[in-house]
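With UniProt numbering applied, the first sequence corresponds to residues 1 to 244, in that order.
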Amino acid sequence: MDQQSGLMSLNMSAFDLSPGPDGSGSGGGPSSASQQYVPQGAAYQCAPDQQPFGYANLDTSYLFPTGTGEPGAYLPAAATVCDQTDTKDVIEELCPVCGDKVSGYHYGLLTCESCKGFFKRTVQNKKVYTCVAERACHIDKTQRKRCPFCRFQKCLDVGMKLEGESYKLYGIYIHKLLCRFVYLHRYQNHNSFGNVGRMQARLQSAAEMALHHAAAASAEKLKVWLRIETAVCNPPATFQQLIP
DNA sequence: TTAGCCTTGATG
DNA sequence: CATCAAGGCTAA
Ligand SMILES: [Zn+2]
Ligand SMILES: [Zn+2]
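Given below as structure tokens:
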């Protein structure tokens with residue numbers, strides 16, 4: 001009983017930390033605790049001392065929830081939202097891989113048409129790329145062609161994955177909710193408090209749907225929710241922090 | 001190879 | 001019927 005009520009209460013009360021546009025001091029201290037997480041480049045540390053360079057990143061295990069599960073999120077170059085003026089927010093409308101305009105949901109999240117096609121070709125043809133640099137090339141709209149390796153790595157980092165297998169574990173609602181957590185983290189990282197408030201509203205909406213679907217679901221989903229309970233106060237930078 | 005466009009199949 | 005996303009197609 002306590003646990004269930006905890007899930008419910010956390011949902012609403014936790015989101016309550018966005019009463020006003022400030023969104024700053026609201027709920028309490030924990031809002032800034034997210035800084036403890038280090039999103040920058042964390043995703044790329046996946047291969048600290050594997051092969052020196054040019055190792056294959058096309059491991060199908062990344063595409064499915066086997067073991068480690070979700071890949072980490074990535075801080076996109078699109079985060080050039082540094083311009084306070086662009087209240088258009090909507091990091092969600094920018095491809096998290098290259099920053100181009102999204103054309104819809106592709107392989108789990110909103111991406112542009114080119115990255116969708118790139119991901120498709122890579123997976124279908126089992127392409128294996130190599131990076132001649134340090135496997136940390138910046139990917140944006142103009143440079144996305146330069147290094148397919150880092151581009152695909154980024155695709156994996158932001159959570160692109162094959163349909164079917166990916167959602168059957170936790171469900172589409174939780175998956176999208178996790179995406180929003182990452183977006184929220186991004187906004188907080190850029191001190192875009194206006195967007196933080198907006199994203200919290202979106203997040204709450206997603207959480208309600210996810211909770212509704214998770215309520216009558218398997219224990220697996222509930223375990224995820226226990227993770228999310230913590231994430232509400234400390235928005236994670238990567239999926240791995242939610243689904244270990 | 002890329003990326004825009006098209007067709008297909010699923011869903012409501 | 002409309003919408004959406006996966007996959008196919010093909011001109012640069
Ligand atoms: Zn893209
Ligand atoms: Zn690279």
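Every residue, glycine too, gets a C-beta built ideally from N, C-alpha and C.
Distance from the Cα of D100 is smallest, within the candidate group F149, Y107, A207 and E113, for E113. Only residues of its own chain outside the window of five on either side were considered, and among them C137 have a CB closer than 7 angstroms to the CB of R146, listed in chain order. In terms of Cβ geometry, Q204 and V196 do not form a close pair [threshold 8 angstroms]. Taking 4 residues as the minimum length, the alpha helix (DSSP H) runs contained wholly in the UniProt domain "Nuclear receptor" (92-167) are 113-124 and 148-158, in order along the chain. A residue is called buried when at least 16 other Cβ atoms come within 10 angstroms of its Cβ; Q124 does not meet this threshold and is exposed. C95 and C115 do touch by the CB rule: their CB atoms are close to 6 angstroms apart, below 8 angstroms. Short of 7 angstroms from the beta carbon of L184, and not among the five residues preceding or following it, lie these beta carbons of its own chain, in chain order: V196, M199, Q200, L203 and P235. Between F118 and the set E134, A133, R135 and K161, the nearest pair of CA atoms involves K161. In this structure, the beta-carbon distance from V97 to T111 falls below 8 angstroms. Taking a C-beta distance under 8 angstroms as the contact criterion, R135 and C150 qualify as a contact pair. For I139 and V158, the gap between their C-alpha atoms comes out near 12 angstroms.
Its chain contains K116 as the residues whose beta carbon lies nearer than 6 angstroms to that of H106, once the 5 sequence neighbours on both sides are disregarded; these appear in chain order.
Note on geometry: alpha-carbon atoms of K120 and K126 lie some 10 angstroms from one another.
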